[in-house]
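**Student:** Handing you a structure now.
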């Protein structure tokens, strides 16, 4: 059977995948968003009323649990990326890894591809259980239409992006703790503060191009069209892809050129 991946890349991807599934905390981390998505969606589906076309989110209050699960997925995706790269430096195993995989371009590709694949798999699992809970407990409270499908598709893409962003930051900082604090601090503290300040000074357009803003706009299916700090969904996803490419390329260049 012919593989869709280059044969010389498969050993690296297999090795990176084993590093993820062989560690019990990593397996628990992979399952956490799925459990959260299941429980949160079941609760919001049971407690919410009929869907309001003018309400927030646009897909209905019953889907709030889905969004909570997706937030968890994006956080886990970034942490997986950080662990795959920064973890090598923390354990002082990067030099040994490069010894057995001397082509650093392929090594970086394998790390990015593996973490992205795990992130998409977790996102898909979380979305499927959320959808099942909505169908079981939220009938008549949400619309299974293109808007929800748009949210689900964007969620997969955003999970992939944050996995690569996390891996790129891990390569740049060469540490787990610093990278984790940077990602979480930026996502939940610094960037929201920038939104407030930018909006106060009438510079919401600047905030709209930041990574967390593009993430929210990308998966919200137009729920915040009147907010200055969120771009339209297609544009937001394009900007997030640009952030992903820039950070991923910077991490790859660091691995390729700096001494270990």
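Residue numbers (my numbering): -8 to 251. Note that beta-carbon positions come from the ideal geometry of N, C-alpha and C, so glycine has one too. Predicted model only: the values in this text are computed from it and were never measured.
Can you tell me the Cα-Cα spacing of residue 102 and residue 162, whole angstroms?
**Tutor:** Their backbone Cα atoms lie some 10 Å apart in a straight line.
**Student:** Using DSSP with H/G/I as helix, E/B as strand and the rest coil, what is residue 41?
**Tutor:** Note: residue 41 maps to coil in three-state DSSP.
**Student:** Let me know the secondary structure DSSP gives residue 138 once reduced to three states.
**Tutor:** Here residue 138 sits in helix by DSSP.
**Student:** Which same chain residues end up closer than 8 Å to residue 67 when comparing Cβ atoms and leaving out the 5 residues on each side of it in sequence?
**Tutor:** 20, 21, 23, 24, 110 and 113.
**Student:** In terms of residue numbering, what span does the alpha helix (DSSP H) encompassing residue 102 cover?
**Tutor:** Where residue 102 is concerned, the enclosing alpha helix (DSSP H) stretches over 95 to 128.
**Student:** How many angstroms separate the CA atom of residue 278 from the CA atom of residue 4?
**Tutor:** Here the chain has residues from -8 to 251 only, and residue 278 is not among them.
**Student:** State the Cα-Cα distance for the pair residue 152 and residue 108, rounded to the nearest angstrom.
**Tutor:** The straight-line gap from Cα to Cα measures roughly 11 Å.
**Student:** Could you tell me whether the Cβ atoms of residue 132 and residue 48 are closer together than 7 Å?
**Tutor:** No, the pair does not count as a contact, with Cβ atoms beyond the cut-off.
**Student:** In whole angstroms, give me the CA-to-CA distance for residue 124 and residue 139.
**Tutor:** Taking the straight line joining both Cα atoms gives about 14 Å.
**Student:** What three-state label does DSSP hand residue -8 in the structure shown?
**Tutor:** Here the model assigns residue -8 a pLDDT of 37, short of 50, so the residue's position is not dependable, and the following value carries that caveat. In the structure shown, residue -8 sits in coil (DSSP, three-state: anything other than H, G, I, E or B).
**Student:** Quick check for students: name the residue ranges of the alpha helix (DSSP H) that lie wholly in the region 147 to 181, counting only runs of 4 or more.
**Tutor:** DSSP runs (the alpha helix (DSSP H)) wholly in the region 147 to 181: 167 to 176.
**Student:** Starting from residue 245, trace the alpha helix (DSSP H) in both directions and tell me its first and last residue.
**Tutor:** 224 to 248 is the extent of the alpha helix (DSSP H) around residue 245.
**Student:** To the nearest angstrom, report how far apart residue 39 and residue 31 are at their CA atoms.
**Tutor:** Whole-angstrom Cα-Cα distance: 12 Å.
**Student:** Tell whether a beta-carbon distance below 7 Å holds between residue 29 and residue 128.
**Tutor:** Not closer than 7 Å, so no.
**Student:** Output yes or no for whether 7 Å exceeds the beta carbon distance between residue 178 and residue 203.
**Tutor:** A contact, by the Cβ cut-off of 7 Å.
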